[in-house]
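K.L.:
Chains as they are written, first to last, in my numbering: chain A, 3 to 216; chain B, 3 to 216. The structure is given below, and queries will be raised subsequently.
Number of protein chains: 2
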Amino acid sequence: MSRLRFNISMSLDGFIAGPGQSMENPLGLGGLRLHEWAFRLAVFRAIHGLEGGDVNESTPVVEESLHNIGATVMGRNMFGGHPGPWDAGNPWGGWWGDNPPFHHPVFVLTHYAREPLVLEGGTTFTFVTDGMESALDQARQAAGEKDVSLAGGANAARQFLAAGRVDEMEINLVPTLLGSGERLFDGLGDSLCGLEPVRTVTAPGVIHLKFARR
Amino acid sequence: MSRLRFNISMSLDGFIAGPGQSMENPLGLGGLRLHEWAFRLAVFRAIHGLEGGDVNESTPVVEESLHNIGATVMGRNMFGGHPGPWDAGNPWGGWWGDNPPFHHPVFVLTHYAREPLVLEGGTTFTFVTDGMESALDQARQAAGEKDVSLAGGANAARQFLAAGRVDEMEINLVPTLLGSGERLFDGLGDSLCGLEPVRTVTAPGVIHLKFARR
Numbered sequence: 003m004s005r006l007r008f009n010i011s012m013s014l015d016g017f018i019a020g021p022g023q024s025m026e027n028p029l030g031l032g033g034l035r036l037h038e039w040a041f042r043l044a045v046f047r048a049i050h051g052l053e054g055g056d057v058n059e060s061t062p063v064v065e066e067s068l069h070n071i072g073a074t075v076m077g078r079n080m081f082g083g084h085p086g087p088w089d090a091g092n093p094w095g096g097w098w099g100d101n102p103p104f105h106h107p108v109f110v111l112t113h114y115a116r117e118p119l120v121l122e123g124g125t126t127f128t129f130v131t132d133g134m135e136s137a138l139d140q141a142r143q144a145a146g147e148k149d150v151s152l153a154g155g156a157n158a159a160r161q162f163l164a165a166g167r168v169d170e171m172e173i174n175l176v177p178t179l180l181g182s183g184e185r186l187f188d189g190l191g192d193s194l195c196g197l198e199p200v201r202t203v204t205a206p207g208v209i210h211l212k213f214a215r216r
Numbered sequence: 003m004s005r006l007r008f009n010i011s012m013s014l015d016g017f018i019a020g021p022g023q024s025m026e027n028p029l030g031l032g033g034l035r036l037h038e039w040a041f042r043l044a045v046f047r048a049i050h051g052l053e054g055g056d057v058n059e060s061t062p063v064v065e066e067s068l069h070n071i072g073a074t075v076m077g078r079n080m081f082g083g084h085p086g087p088w089d090a091g092n093p094w095g096g097w098w099g100d101n102p103p104f105h106h107p108v109f110v111l112t113h114y115a116r117e118p119l120v121l122e123g124g125t126t127f128t129f130v131t132d133g134m135e136s137a138l139d140q141a142r143q144a145a146g147e148k149d150v151s152l153a154g155g156a157n158a159a160r161q162f163l164a165a166g167r168v169d170e171m172e173i174n175l176v177p178t179l180l181g182s183g184e185r186l187f188d189g190l191g192d193s194l195c196g197l198e199p200v201r202t203v204t205a206p207g208v209i210h211l212k213f214a215r216r
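Quick look at the structure:
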């Protein structure tokens with residue numbers, strides 16, 4: 003069966019976004035610092051249609067994280083825009099423009115029903131209102147032989163972690179402090195949700211910690 | 003000049019002690035899990051007069067942390083016992099028995115004056131009531147050409163970190179969650195106190211992250 007894989011950048015003090023997340027600043031104050039290691043990589047820039055960039059120890063880690071993904075699940079906060087019901091006249095279309103970098107079906111957990119959003123390049127957002135297990139089932143079916151990516155945000159990730167549904171977790175630990183913001187592991191108690199460390203990679207500006215189900 | 007070096011074990015969610023720290027359970031609920039990687043090492047057992055144990059990737063890291071230390075500074079909570087004034091008739095003598103594993107001068111930050119406590123094996127606890135800079139000065143003088151170890155606890159460590167006094171920091175990151183307890187980095191804001199990562203070692207049950215002053 004296809005695995006559920008989760009990849010997230012986290013500060014040394016446990017934050018995955020800074021304080022004051024908003025439409026204008028979805029990563030919160032200082033949150034961009036969690037992603038600088040990725041922004042300078044050629045493999046990351048290529049996803050977003052940009053040339054140039056570095057090749058370093060992070061490159062195979064990022065390539066691995068992108069490999070063999072057939073569908074994505076994400077929470078409403080990650081899809082973004084605004085809380086509450088969709089704006090019927092001009093519903094939020096995601097952060098990623100007309101041709102999002104997924105190129106496969108994406109299932110968005112939400113309390114508010116909405117028709118699927120079909121964009122260019124193979125990305126379709128399907129809005130799931132009957133819970134995380136349903137979203138995961140639909141994503142697995144869409145992925146076929148391939149794996150499912152859990153894209154976040156923190157709230158959705160915690161739900162899947164707490165339910166023991168995450169098969170692989172890559173934490174990109176960034177050696178910086180944010181001091182406040184949104185923590186990944188708040189409220190998960192004292193277990194690592196059935197995951198154990200399997201591999202560590204040290205790279206410029208980041209330490210990749212891979213965990214997998216026992 | 004001798005450097006101030008700090009070595010601490012921390013959970014993936016940022017805790018260095020579990021909840022409910024007490025005289026009976028100084029590491030808090032679950033806090034022992036942060037030290038299991040060390041307890042099974044021969045180099046750690048030898049410090050405490052025990053035979054046997056493992057030799058693995060952590061061994062040179064621990065040996066390095068013990069090497070060239072001439073004095074230690076610690077906070078009152080780390081020295082332990084009880085808050086408030088010392089019990090004049092039966093003052094707390096530390097967690098470590100008659101022959102503590104330091105074997106050099108130790109300077110304890112406290113609000114309550116007390117005569118030095120001279121124990122076996124070269125360990126003398128000196129109680130410093132005029133602040134962290136004074137404690138560090140005295141420790142540096144006692145250490146001579148050697149370095150000073152910052153032993154904790156969290157509160158004292160944060161003071162030295164915030165003041166930019168820590169020259170080296172080794173975080174032993176343990177891939178487990180504690181969920182609650184005492185965090186190392188609470189209230190330090192969003193800077194790493196002038197430190198940057200210099201080396202990573204992956205070992206059984208722990209990932210050693212070394213930071214040093216730029």
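Here a beta-carbon is modelled for each residue, glycine too, at the ideal position from N, C-alpha and C.
What residues in the region 176-192 of chain B bring their beta carbon closer than 7 Å to a beta carbon of chain A?
P.N.:
Hits within the stretch, in order: 177, 178, 179, 180, 181, 187, 190, 191, 192.
K.L.:
When the distance is taken between beta carbons, is residue 202 of chain B closer than 8 Å to residue 190 of chain B?
P.N.:
Counted from its first residue, the second sequence places residue 190 of chain B at position 188. Counted from its first residue, the second sequence places residue 202 of chain B at position 200. Cβ distance not < 8 Å, so residue 190 of chain B and residue 202 of chain B don't count as in contact.
K.L.:
For residue 170 of chain A and residue 101 of chain A, I'd like the C-alpha separation in whole angstroms.
P.N.:
As a first step, residue 170 of chain A must be located in the first sequence, where it is residue number 168. As a first step, residue 101 of chain A must be located in the first sequence, where it is residue number 99. Cα to Cα, the separation comes out at about 27 Å.
K.L.:
Report yes or no: is there a C-beta of chain A within less than 8 Å of the C-beta of residue 199 of chain B?
P.N.:
Within the second sequence, the letter at position 197 stands for residue 199 of chain B. With 8 Å as the cut-off, residue 199 of chain B counts as an interface residue toward chain A.
K.L.:
Taking 8 Å as the threshold (C-beta atoms), are residue 55 of chain B and residue 43 of chain B in contact?
P.N.:
Within the second sequence, numbered from 1, the residue matching residue 43 of chain B stands at position 41. Within the second sequence, numbered from 1, the residue matching residue 55 of chain B stands at position 53. For residue 43 of chain B and residue 55 of chain B, yes; Cβs fall inside 8 Å.
K.L.:
Roughly how far, in whole angstroms, is the beta-carbon of residue 180 of chain B from the beta-carbon of residue 15 of chain B, given that I think they are within contact range, below 8 Å?
P.N.:
Here the question's residue 180 of chain B lines up with position 178 in the second sequence. Here the question's residue 15 of chain B lines up with position 13 in the second sequence. The pair is a contact, with the Cβ atoms about 6 Å apart (cut-off 8 Å).
K.L.:
For residue 29 of chain A, which residues of its own chain have a beta-carbon under 6 Å away from its beta-carbon, when the five flanking residues on both sides are left out?
P.N.:
In the first sequence, the residue the question calls residue 29 of chain A occupies position 27. Result list for residue 29 of chain A: 19, in chain order.
K.L.:
Along the beta strand (DSSP E) that carries residue 197 of chain A, what are the first and last residues, could you check?
P.N.:
Locating residue 197 of chain A in the first sequence gives position 195, where the first residue counts as 1. Element bounds for residue 197 of chain A: 197-205.
K.L.:
Count the other CB atoms, across all protein chains shown, that sit within 10 Å of the CB of residue 96 of chain B; report buried if there are 16 or more and exposed otherwise.
P.N.:
For the purposes of this step, residue 96 of chain B is taken as residue 94 along the second sequence, with counting starting at 1. When all chains shown are included, residue 96 of chain B counts as buried.
K.L.:
Starting from the Cα of residue 70 of chain A, find the closest Cα among A/205, A/40, A/6 and give me that residue.
P.N.:
Residue 70 of chain A sits at position 68 when you count from the first residue of the first sequence. The shortest Cα separation from residue 70 of chain A among A/205, A/40, A/6 belongs to A/6.
K.L.:
Mind the definition here: the region 47-61 of chain A touches the region 73-82 of chain A only if three or more C-beta pairs lie below 8 Å; say whether that holds.
P.N.:
Result no; under three Cβ-Cβ pairs closer than 8 Å.
K.L.:
Whole angstroms are fine: how far does the CA of residue 36 of chain A sit from the CA of residue 229 of chain A?
P.N.:
Since the displayed chain A opens at 3 and closes at 216, residue 229 of chain A lies outside it and no answer follows.
K.L.:
Considering only the beta carbon of each residue, do residue 186 of chain A and residue 159 of chain A sit closer than 8 Å?
P.N.:
Residue mapping note: residue 186 of chain A aligns to position 184 of the first sequence, counting from 1. Residue mapping note: residue 159 of chain A aligns to position 157 of the first sequence, counting from 1. In contact: residue 186 of chain A and residue 159 of chain A (Cβ atoms closer than 8 Å).
K.L.:
Pull up the distance between the alpha-carbon of residue 89 of chain A and that of residue 23 of chain A, whole angstroms please.
P.N.:
Taking the first residue of the first sequence as position 1, residue 89 of chain A is located at position 87. Taking the first residue of the first sequence as position 1, residue 23 of chain A is located at position 21. Cα to Cα, the separation comes out at about 20 Å.
K.L.:
Who are the near neighbours of residue 216 of chain A in its chain, counting only those whose CB is closer than 7 Å to its CB and skipping five residues on each side?
P.N.:
If you number the first sequence from 1, residue 216 of chain A lands on position 214. So the qualifying residues of the chain are 196, 198.
K.L.:
Between the Cα of residue 164 of chain B and the Cα atoms of B/142, B/115, B/192, which residue gives the shortest distance?
P.N.:
Stepping through the second sequence from its first residue, residue 164 of chain B is reached at position 162. Looking at the Cα atoms, B/192 is the closest of the given residues.
K.L.:
Taking residue 6 of chain A as the query, report the chain B residues whose CB atoms sit under 7 Å from its CB, ordered along the chain.
P.N.:
Within the first sequence, residue 6 of chain A is the residue found at index 4, counting from 1. Ordered by position in chain B, no residue passes the 7 Å Cβ test against residue 6 of chain A, which lies about 19 Å from the chain.
K.L.:
What does residue 111 of chain A pair with, by DSSP beta-bridge criteria?
P.N.:
Locating residue 111 of chain A in the first sequence gives position 109, counting from the first residue. A/77, A/130, per the DSSP bridge assignment.
K.L.:
Roughly how many angstroms separate the alpha carbons of residue 109 of chain B and residue 92 of chain B, rounded to a whole number?
P.N.:
Start at 1 with the first residue of the second sequence, and residue 109 of chain B comes out as number 107. Start at 1 with the first residue of the second sequence, and residue 92 of chain B comes out as number 90. If I take the Cα positions, the gap works out to 20 Å.
K.L.:
What residues are listed by DSSP as bridge partners for residue 210 of chain A?
P.N.:
Sequence index remark: in the first sequence, residue 210 of chain A carries index 208 (1-based). Answer by DSSP bridge pairing, in chain order: A/174, A/203.
K.L.:
Identify whether residue 100 of chain B lies in helix, strand or coil by the three-state DSSP scheme.
P.N.:
As a working note, residue 100 of chain B is residue 98 in the second sequence. Three-state result, residue 100 of chain B: coil.
K.L.:
For the region 16-38 of chain B, which residues have a CB atom closer than 7 Å to at least one CB atom of chain A, in sequence order?
P.N.:
Cβ contacts with chain A: 16, 32.
K.L.:
CB-CB under 6 Å to residue 149 of chain B, same chain, minus the five flanking residues each way: which ones, in chain order?
P.N.:
Within the second sequence, the letter at position 147 stands for residue 149 of chain B. Cβ neighbours of residue 149 of chain B beyond the five flanking positions: 4, 5, 7, 70, 71.
K.L.:
In chain A, which residues lie less than 8 Å from residue 202 of chain B when you measure between Cβ atoms?
P.N.:
In the second sequence, residue 202 of chain B corresponds to position 200, counting from 1. By Cβ distance, chain A contributes 202, 204, 209.
K.L.:
From this set, A/82, A/139, A/85, A/178, which residue's C-alpha is nearest residue 162 of chain A's C-alpha?
P.N.:
Numbered from its first residue, the first sequence carries residue 162 of chain A at position 160. The residue with the shortest Cα to Cα distance from residue 162 of chain A is A/139.
K.L.:
In terms of residues, what are the limits of the alpha helix (DSSP H) holding residue 162 of chain B?
P.N.:
Working through the second sequence from its first residue, we reach residue 162 of chain B at position 160. It spans 156-164 - the alpha helix (DSSP H) in which residue 162 of chain B sits, taken as one unbroken run.
K.L.:
Return the CA-CA distance between residue 34 of chain A and residue 119 of chain B, expressed in angstroms with no decimal places.
P.N.:
In the first sequence, residue 34 of chain A corresponds to position 32, counting from 1. In the second sequence, residue 119 of chain B corresponds to position 117, counting from 1. Approximately 50 Å, taken between the alpha carbons.
K.L.:
Among residues of its own chain, excluding the 5 on either side of residue 121 of chain A, which ones have a beta-carbon nearer than 7 Å to its beta-carbon?
P.N.:
Numbered from 1 along the first sequence, position 119 holds the residue referred to as residue 121 of chain A. Cβ within range, chain order: 100, 101, 102.
K.L.:
For residue 11 of chain A, list the residues DSSP reports as bridge partners.
P.N.:
On the first sequence, residue 11 of chain A is found 9 positions in, with the first residue counted as 1. In DSSP, residue 11 of chain A forms a bridge with A/174.
K.L.:
What does residue 213 of chain B reach in chain A if we use C-beta pairs closer than 8 Å?
P.N.:
The residue you call residue 213 of chain B lines up with position 211 of the second sequence. Correct list: 177.
K.L.:
Taking only the alpha-carbon atoms, compute the straight-line gap between residue 184 of chain B and residue 147 of chain A and give it to the nearest angstrom.
P.N.:
Numbered from its first residue, the second sequence carries residue 184 of chain B at position 182. Numbered from its first residue, the first sequence carries residue 147 of chain A at position 145. Distance between the alpha carbons of residue 184 of chain B and residue 147 of chain A is about 44 Å.
K.L.:
From the beta carbon of residue 194 of chain A, is the nearest beta carbon of chain B less than 8 Å away?
P.N.:
As a first step, residue 194 of chain A is located in the first sequence; it is residue number 192 there, counting from the start. Output row for residue 194 of chain A: interface = yes.
K.L.:
Measuring alpha carbon to alpha carbon, tell me which of A/27, A/9, A/17, A/21 ends up nearest residue 40 of chain A.
P.N.:
Position 38 of the first sequence holds residue 40 of chain A. The option with the nearest alpha carbon to residue 40 of chain A is A/9.
K.L.:
Ends of the alpha helix (DSSP H) at residue 68 of chain B?
P.N.:
Walking along the second sequence from the start, residue 68 of chain B turns up at place 66. First-last of the alpha helix (DSSP H) with residue 68 of chain B: 60-68.
K.L.:
My output table needs one value for residue 193 of chain A: the three-state DSSP class, helix, strand or coil.
P.N.:
Here residue 193 of chain A corresponds to residue number 191 of the first sequence, with the count starting at 1. Three-state result, residue 193 of chain A: coil.
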